[in-house]
Amino acid sequence: MDRVRRLKLILWMLLGLAAAVAITRFFFGLGATTHLSDATPWGLWVGFDVMGGVALAAGGFVVTATVYIFKLDEFHSIVRPAVLTAFLGYVAVAVGLLFDLGLPWHIWYMTIYWNPHSPLFEVGWCVMLYLTVLTLEFFPVPAEDISALASVRRFLVKLRIPLVIVGIALSTLHQSSLGSLFLIMPYRLFPLWYSPILPVLFFVSAIGLGLMMVILESHFTAYLYRRKPETKLMRPLGEAAGWVLILYLALRFGDLAYRGQLHYLFASAWQVKLFWVEIAAMAIVPLVMLWQRQFRKSSNWQWATAAIATTGIVLNRIDVGGLADLSRGGSLYLPEWTEIVISLGIVAAATLLFLFMVEHFRVWEHRPADPDADPRKLPEFNKVGFTWLGTPVIAGRVKYSLAFVLAAGFGFLLLGSPRAASMGATPTPTHRARGNVGNIGLQLAAARTGKPAPATAGTGVLYLDADLTNWGVTFYHQREIDRNGGEKSCVICHHMNMPHDQESGCYECHRDMYLPTDSFRHDWHASPKGANLACVQCHERGYPRTSAHVKPCSDCHKDLVPAGATIKITTYIAPSYVDAMHTLCIGCHVKVAQKENKPEIARCAECHKGKLNFAAAQNYLYSRHAPAGRLVVLPPPKVSEVH
Amino acid sequence: MRAAILTDTTKCIGCSECVIACKKVNHLPNDIPQRWDMNDGLSADNWTSVIGEPADKFVRKQCRHCLEPACVSACPVGAMHKTELGPVIYESAKCIGCRYCMMACPFGIPRYQWSDPVPHVRKCILCYDRIKEGGQPACTEVCPTKATIYGDRDQLLAIAHQRLRENPGKYINRVWGESEVGGTSVLYISDIDLSFLTYGEQFGKMPLPDATRPAMEAVPFAFVGMGAAMAGLYWIIKRRMKLEAERADEKAGGKPGSEE
Amino acid sequence: MTAWIDFARGPLFRLSLALMVLGLLRIFIITLLEVRDGYRANSDKIVSWKEIRRQTLGWLFPMFRLWRQRPIYSTVSFLFHIGLIVTPIFLASHILLWRQSVGISWAALPQVAANWLALLVIFTGAGLFLGRALYSPARKISHRQDYFWPLLLITPFVTGYIASNAVISPRTYQEMMLVHIYSGDLILLLIPFTKLAHCVLAPLSQLVTGVAWKFPPGAGDRVAETLGFADRPTWVLNPRLTTAPVEEAIRKGGVAK
Numbered sequence: 237m238d239r240v241r242r243l244k245l246i247l248w249m250l251l252g253l254a255a256a257v258a259i260t261r262f263f264f265g266l267g268a269t270t271h272l273s274d275a276t277p278w279g280l281w282v283g284f285d286v287m288g289g290v291a292l293a294a295g296g297f298v299v300t301a302t303v304y305i306f307k308l309d310e311f312h313s314i315v316r317p318a319v320l321t322a323f324l325g326y327v328a329v330a331v332g333l334l335f336d337l338g339l340p341w342h343i344w345y346m347t348i349y350w351n352p353h354s355p356l357f358e359v360g361w362c363v364m365l366y367l368t369v370l371t372l373e374f375f376p377v378p379a380e381d382i383s384a385l386a387s388v389r390r391f392l393v394k395l396r397i398p399l400v401i402v403g404i405a406l407s408t409l410h411q412s413s414l415g416s417l418f419l420i421m422p423y424r425l426f427p428l429w430y431s432p433i434l435p436v437l438f439f440v441s442a443i444g445l446g447l448m449m450v451i452l453e454s455h456f457t458a459y460l461y462r463r464k465p466e467t468k469l470m471r472p473l474g475e476a477a478g479w480v481l482i483l484y485l486a487l488r489f490g491d492l493a494y495r496g497q498l499h500y501l502f503a504s505a506w507q508v509k510l511f512w513v514e515i516a517a518m519a520i521v522p523l524v525m526l527w528q529r530q531f532r533k534s535s536n537w538q539w540a541t542a543a544i545a546t547t548g549i550v551l552n553r554i555d556v557g558g559l560a561d562l563s564r565g566g567s568l569y570l571p572e573w574t575e576i577v578i579s580l581g582i583v584a585a586a587t588l589l590f591l592f593m594v595e596h597f598r599v600w601e602h603r604p605a606d607p608d609a610d611p612r613k614l615p616e617f618n619k620v621g622f623t624w625l626g627t628p629v630i631a632g633r634v635k636y637s638l639a640f641v642l643a644a645g646f647g648f649l650l651l652g653s654p655r656a657a658s659m660g661a662t663p664t665p666t667h668r669a670r671g672n673v674g675n676i677g678l679q680l681a682a683a684r685t686g687k688p689a690p691a692t693a694g695t696g697v698l699y700l701d702a703d704l705t706n707w708g709v710t711f712y713h714q715r716e717i718d719r720n721g722g723e724k725s726c727v728i729c730h731h732m733n734m735p736h737d738q739e740s741g742c743y744e745c746h747r748d749m750y751l752p753t754d755s756f757r758h759d760w761h762a763s764p765k766g767a768n769l770a771c772v773q774c775h776e777r778g779y780p781r782t783s784a785h786v787k788p789c790s791d792c793h794k795d796l797v798p799a800g801a802t803i804k805i806t807t808y809i810a811p812s813y814v815d816a817m818h819t820l821c822i823g824c825h826v827k828v829a830q831k832e833n834k835p836e837i838a839r840c841a842e843c844h845k846g847k848l849n850f851a852a853a854q855n856y857l858y859s860r861h862a863p864a865g866r867l868v869v870l871p872p873p874k875v876s877e878v879h
Numbered sequence: 004m005r006a007a008i009l010t011d012t013t014k015c016i017g018c019s020e021c022v023i024a025c026k027k028v029n030h031l032p033n034d035i036p037q038r039w040d041m042n043d044g045l046s047a048d049n050w051t052s053v054i055g056e057p058a059d060k061f062v063r064k065q066c067r068h069c070l071e072p073a074c075v076s077a078c079p080v081g082a083m084h085k086t087e088l089g090p091v092i093y094e095s096a097k098c099i100g101c102r103y104c105m106m107a108c109p110f111g112i113p114r115y116q117w118s119d120p121v122p123h124v125r126k127c128i129l130c131y132d133r134i135k136e137g138g139q140p141a142c143t144e145v146c147p148t149k150a151t152i153y154g155d156r157d158q159l160l161a162i163a164h165q166r167l168r169e170n171p172g173k174y175i176n177r178v179w180g181e182s183e184v185g186g187t188s189v190l191y192i193s194d195i196d197l198s199f200l201t202y203g204e205q206f207g208k209m210p211l212p213d214a215t216r217p218a219m220e221a222v223p224f225a226f227v228g229m230g231a232a233m234a235g236l237y238w239i240i241k242r243r244m245k246l247e248a249e250r251a252d253e254k255a256g257g258k259p260g261s262e263e
Numbered sequence: 015m016t017a018w019i020d021f022a023r024g025p026l027f028r029l030s031l032a033l034m035v036l037g038l039l040r041i042f043i044i045t046l047l048e049v050r051d052g053y054r055a056n057s058d059k060i061v062s063w064k065e066i067r068r069q070t071l072g073w074l075f076p077m078f079r080l081w082r083q084r085p086i087y088s089t090v091s092f093l094f095h096i097g098l099i100v101t102p103i104f105l106a107s108h109i110l111l112w113r114q115s116v117g118i119s120w121a122a123l124p125q126v127a128a129n130w131l132a133l134l135v136i137f138t139g140a141g142l143f144l145g146r147a148l149y150s151p152a153r154k155i156s157h158r159q160d161y162f163w164p165l166l167l168i169t170p171f172v173t174g175y176i177a178s179n180a181v182i183s184p185r186t187y188q189e190m191m192l193v194h195i196y197s198g199d200l201i202l203l204l205i206p207f208t209k210l211a212h213c214v215l216a217p218l219s220q221l222v223t224g225v226a227w228k229f230p231p232g233a234g235d236r237v238a239e240t241l242g243f244a245d246r247p248t249w250v251l252n253p254r255l256t257t258a259p260v261e262e263a264i265r266k267g268g269v270a271k
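Chains Y, B and X are the protein sequences, given in the same order. Each residue of the first sequence is one higher than the one before, counting from 237 in this note's numbering. Each residue of the second sequence is one higher than the one before, counting from 4 in this note's numbering. Each residue of the third sequence is one higher than the one before, counting from 15 in this note's numbering.
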């Protein structure tokens, strides 16, 4: 198989994977498919797809300026591919934006609701207008073959110079405004990236990247279609890019020095290492490579230089867009594989469109001959069943679509449970209440109120923090027993024990701190070694087997809900530990508060007195369950909900 | 009147009544800790929280309702407003979901409904509907110790300074929110350092919209300037090439100006 | 065992369903493209749409054509197909799974009807298998895989029926479900890559015959070239390989227009 077809096969595969993720993204939202968070609301899709994409497409305005304004006619042959790359790049940006926006179907609101103070508003408008300009600039190429469009084409060709000038002006604006976006977050961006001249830095690096991208694209397509590499033509472009990069380095370090931030260069934060990697890839290494003699002759050397530089500049955009954020929790944003797949999928789609355009229209002076299009080439056969796939072109169609379908299926296999992911809740298994903490708990309470510790200190005191974060409630078990009338009062709270057990802990059924648990043990009830029941002994015949049509547990387990229990059991879905405890405790507290006119006993602080320090356990627990200060606040239930 | 809230952390007993009142008034559902939370108790369904750290102190966190809000200046569709009365409110119907407000906010306040396929940005609106009709926010109304109080910003500032004066040594001598990032409507006085409510940096006095303003004001000039420069260059280069061509023709002995 | 069942009804089911939907879409589109290519290559551009429609509908619904020739086979086959398609889609328990995992649901069959339909599929499926095995003309045109399909197709129905009426179950509910789900997933996976794909290709088969299956101009020359007789004119190989009889038939109006 030829290079082009092998590449296309890989691209279609990426597209298939991305299709699976895309469907999940729009069905289940950003939470299910990204690693974004309230601390880092922007990530790879903004950094790479939007900011990187716009910068990668800078070749369009740089090359049109070179040829049409500066009249350097020797570069005329690269205008069409450069404009095409820019056009597809901006289309990719728009598509990437549709994935990243929470409400992509509102994207057109920018045309009717205006906020000219916002850099993003300006970027949005510029990109829209520039995409139009690029469409008009490129349209004459596909229109060449259609005689009906000849007059439109002639008109657009006449309009070329104004279009080029407007395109350059628009590019200047939004390339720099992408930097302006971040001017408003001086406290968020790491000081090595934040700078008042970010717009200028973005614009300059975009020119460098545009030139490098042209080199990369020229050599890559030359390799693909086995054309002669344009090494001689690319050399002056590389050298121009070198000067731009030198200017960029001077601006960036000059700005750091001017603002007295140079000391950060040797700080020990991981961001500093990132900075050096970025600077090395985007400027230092390419500059060194540009100075070597090989750059003049070797196409491999040229494209390696360009590849390193483009990687570096795209990394810069990703850093500014999310990686180099200072987030309060210090949490590091790393993209989820789904985010990477979507980004790659968009690139793949753009590349496939590029190859299509190149093969079907006169983007280059000579349309590349498809090595497989020869009608005399032997037909291909499926290797598995030796079925006829047709001529190589038709066989390609069959293979690409198969790659797409298989990859999409594989993507669906890889996507875990999107429903669970979109809830964002990590399962938090619960643990037994900690006993014998009386002394610590009562001392804490006593220290807070200033009164001496009560006599019950040390006996019958539990610490309820089922997630073991040490944020919990000191529960005076003995006191509750005494107040509610001795041993007989157990039934008020212990509503549904495990069979033949009067003291099973709450955590045994309320098995997750924040999520409900199915506490019915299906396996055991249906298993011959357990209760050995047939389905129809509990489930009603003729209905789907859900909790809606099933015998209540109390039909068999008559002692499970003792008379006088506070809570009635309607279903075997046990609420989360937090909900269960809150409903149970707050219900009584609210009633008593109303009856005895003591509002303070129904307040959170009555029970939640703060963090308990289990000195011995703390290090271990904190290293594993670290959500310190996670406050989950629930309104107290209405009294009527509690029986 | 410019609506404002003054929170005195020394008076807060951490009872979370304000949080519950906020939930009730704004009809916010129960929430569970989620992967994307910031560990400060705030979420799309929890617009205020009481942070129980550090060291047994209680600090209330909510939207600061900046006098010159970064989020309002950042929103590309103008869904965020600074009202005359003081609160920063938002129209969810206009939102496109770009989350630039979340990036721009120096206090990290706006939260996103990540779990929703149709998500919106949400945050405290200082009970705008209530204060518009002369009421006060639910949180200040229910506070049992008057640790968080509502009033006119100037009066609250006066109260704050009075408390600082009258209790030397009890407080850190500073009103948080008086002047940083141009001043906020939600003020704090405290006996502990409150920089953990922000990204941990000491804020300057410059309002953040001022940071983008020069760049945005340069936009029309950049557009016209770049366009004019390109047009001018085009004209000059074209002219020069034409002259050169004529000169070359002359040297070659051809008739000047003759083009076939 | 629960973990295996969860895998089959979670990721594996998503994989199978995606492969089935996209795979069927793929072969449908490819077939249409091939019809288009074939039509372009043909010298004979006459397409008898009416005949294609008549044939397609006639073979799809047994009451038109097949009924006259083989009444029992056509009825059994028709009922088998109806049950095969309707039961899994409109079974209340399946819809419940959809609602739990994606949040969408639609009208369900009553449980009694679903039970009867499942039985119908099992017995008609078994009947088709026996018919193929016992009727010698059918046996002669059968491949080995043709015996396999009815058996595979009724497997999830048998296990599902037993699992939902557990009084008659020889094994535990879980084991039944395991076989049920894995065989169901396997069917979905195989549909687009095997002859089961006729579920979407059936309406196209007459179209292919009517539009695309004609000899492109110069076909004989290429055959000759491939066989190594390129230097000899085609008619030397076989004088009957001319289009003259066809053209004459068209002239006479014998080929439908």
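All residues carry an ideal CB built from backbone N, CA and C; glycine is no exception.
Nearest to Y/F511 by C-alpha distance, out of Y/R241, Y/S454, Y/V319 and Y/A560, is Y/A560. Here the stretch 211 to 225 of chain B makes contact with the stretch 58 to 75 of chain B; the two share three or more CB pairs at distances below 8 Å. For X/Q159, no CB of chain Y lies under 7 Å from its own CB, so it is not counted at the interface with that chain. A straight line joining the alpha-carbon of Y/T705 with that of Y/L501 spans about 38 Å. The stretch 335 to 344 of chain Y and the stretch 385 to 392 of chain Y do not touch, with fewer than three beta-carbon pairs separated by less than 8 Å.
Runs of the beta strand (DSSP E) lying entirely within the stretch 151 to 218 of chain B, each at least 3 residues long, are 151 to 155 and 189 to 192 in chain order. With a contact defined as Cβ atoms closer than 8 Å, Y/G295 and Y/V450 qualify at about 4 Å. It is roughly 23 Å from the alpha-carbon of B/I195 to the alpha-carbon of B/D157. With contacts defined by Cβ atoms closer than 7 Å, Y/F311 and Y/V319 do not form a contacting pair. Residue pairing for Y/E616: DSSP places it in a beta bridge opposite Y/G626. Collapsing the DSSP output to three states places Y/W707 in a strand.
Scanning its chain for C-beta atoms nearer than 8 Å, with the 5 sequence neighbours on each side dropped, one finds around Y/V369 the residues L399, V402, G403 and L406, in chain order.
Of all alpha-carbon atoms in X/A55, X/W73 and X/S91, the one lying nearest the alpha-carbon of X/P164 is that of X/S91.
Of the candidates X/V116, X/G97 and X/P206, X/V116 places its Cα closest to the Cα of Y/F262. Against chain X, the CB of Y/P780 has a partner CB under 7 Å away; the residue lies at that interface. Contact of Y/L751 with chain X by beta-carbon distance below 9 Å is absent, the smallest such distance being about 15 Å. The stretch 268 to 278 of chain Y makes contact with the stretch 24 to 44 of chain B; the number of CB pairs closer than 8 Å reaches 3 or more. Between Y/L649 and Y/A669, the gap from beta carbon to beta carbon reaches 7 Å or more.
Pairing Y/T666 with Y/A702 gives a Cβ-Cβ distance under 7 Å. Fully contained in the stretch 126 to 207 of chain X is no beta strand (DSSP E) run of length 3 or more. The DSSP-derived three-state label of Y/T806 is coil. In terms of Cβ geometry, Y/D555 and Y/T664 do not form a close pair [threshold 7 Å].
In this structure, Y/G279 lies near Y/G558, with their beta-carbon atoms less than 7 Å apart.
Think of a sphere of 9 Å around the beta carbon of B/Y103: the chain Y residues whose beta carbon falls inside it are P277, W278, S354, P355, L356, L417 and I420, in chain order. Close to B/P109, with beta-carbon spacing below 7 Å, are these residues of chain Y in chain order: Y423. In the DSSP assignment, B/I54 falls within the unbroken beta strand (DSSP E) covering S52 to I54.
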